[in-house]
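Per our numbering, the very first residue in the sequence shown carries number 29; after that it's consecutive.
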Amino acid sequence: MTTQAVVRSAFVLIANHYPECDLSASWLSDRLGISPKDLEAAFRQHRSLDCDLSILNYRLSRLFERITTQPQTALEQQVMTCGLGSIQAADQHFLASFGITLEAFHAVSLRAAEDRQFRRRHPNPDSLIINE
């Protein structure tokens, strides 16, 4: 299997198993039947990141997406659903990746959802747009 095929296969597994807390580079190498060293080399060659960081980034991206689309769901549940473990660790990683805390992003996402709902229910939604 080429290194590109290894990374592609790894990402299929990551996408299917990211909520599971035991997902890691060693878990992936076992499932793919390759050594952890070869897996890391493939990730570094094609992603310029190590495998565990790629898993973390994938989970954070799913968390971002879930908060945006389902802001009414509790943050702790969102974090656990994405396999990130503790909310404190997830918050640190989220801040480092996106430049905003989970709590602040959640609040903004809730407000945006409320605003979209208000616009949908408004009898004249075009009147809500400010024209210069």
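Ideal Cβ positions, reconstructed from N, Cα and C, are used throughout, including at glycine.
* Asked: Would the region 34–43 and the region 79–87 be scored as touching if the rule is three or more Cβ pairs under 8 Å?
  -> Yes, they touch.
* Asked: Are A118 and L91 close, meaning C-beta to C-beta below 9 Å?
  -> Going by C-beta atoms, A118 is nearer than 9 Å to L91.
* Look at the alpha carbon of D154 and the alpha carbon of H134, and state the distance between them as a whole number of angstroms. => Straight-line Cα distance between these residues: approximately 27 Å.
* Flag this pair as yes or no: are the beta carbons of L138 and R147 separated by less than 9 Å? => Not a contact, by the Cβ cut-off of 9 Å.
* Asked: Touching or not, the region 95–104 and the region 114–131, by the rule of three or more beta carbon pairs under 8 Å?
  -> Put simply, the region 95–104 touches the region 114–131. At least three CB pairs are less than 8 Å apart.
* Taking only runs that begin and end inside the region 94–145, name each unbroken alpha helix (DSSP H) of 4 or more residues, in chain order. => If we require 4 residues or more, the alpha helix (DSSP H) runs fully inside the region 94–145 come out as 103–109 and 115–126.
* To do: Tell whether a beta-carbon distance below 9 Å holds between F39 and S82.
  => Yes. Within cutoff.
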